[in-house]
Amino acid sequence: MTRLSDIGERGAIEILSRIYDRGQPIGLGHDVGVVEWGDDYLVVTTDVVNQKTHIPAGASPTQIGWYATAVNLSDIAAAGARPLGFVAASSRSRERPSDAYGRTGSSCGPARSPAT
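Note that this note's numbering gives residue 1172 to position 112 of the sequence shown, counting from 1, and the numbers run on in steps of one.
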């Protein structure tokens, strides 16, 4: 059985593009998805922020929120789109205090963009 570690991210994108990359304005592998939205387009992205690979030890919930906001909004801006909001996804330790999520989410407010 072939594992993700054998093919890497690019290999996984190649497999998925054979299934999902038909007729889209921008194909897979560009950090955003583009969906026809009436006479316009909707650009969507979600970069997962993983505690083990993206968050330095000792980072505060506010710093994590700012980082999650920045990586998602920068993908949208790089596609030439104007952000309306973003979807934040994080992978963190089960031992993290539950109030940290509220503090992380509230730090997204300065982006003037609703986080979902």
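Beta carbons are placed, not taken as given, at the ideal position from N, Cα and C, and that holds for glycine.
Keep in mind it's a predicted model, so treat the numbers as computed, not measured.
- In the three-state reduction of the DSSP assignment, D1091 falls in the coil class, being assigned neither a helical nor a strand state.
- Around V1103, the same chain offers V1092, V1094, I1136, A1139, A1141 as residues with beta carbons nearer than 6 Å, after the five sequence neighbours per side are excluded.
- At the C-beta level, I1124 and V1108 stay beyond 8 Å of one another.
- Under the three-state reduction of DSSP output, E1096 falls in the strand class.
- If you draw a straight line from the Cα of E1155 to the Cα of I1075, it is about 35 Å long.
- Bounds of the alpha helix (DSSP H) holding T1129 are 1121-1138.
- For T1105, the closest of W1126, P1121, A1130 by C-alpha to C-alpha distance is A1130.
- One thing to note: L1133 has its Cβ within 8 Å of the Cβ of P1143.
- C-alpha of P1116 to C-alpha of D1099: approximately 42 Å in a straight line.
- Beta-bridge annotation (DSSP): L1102 is paired with V1095.
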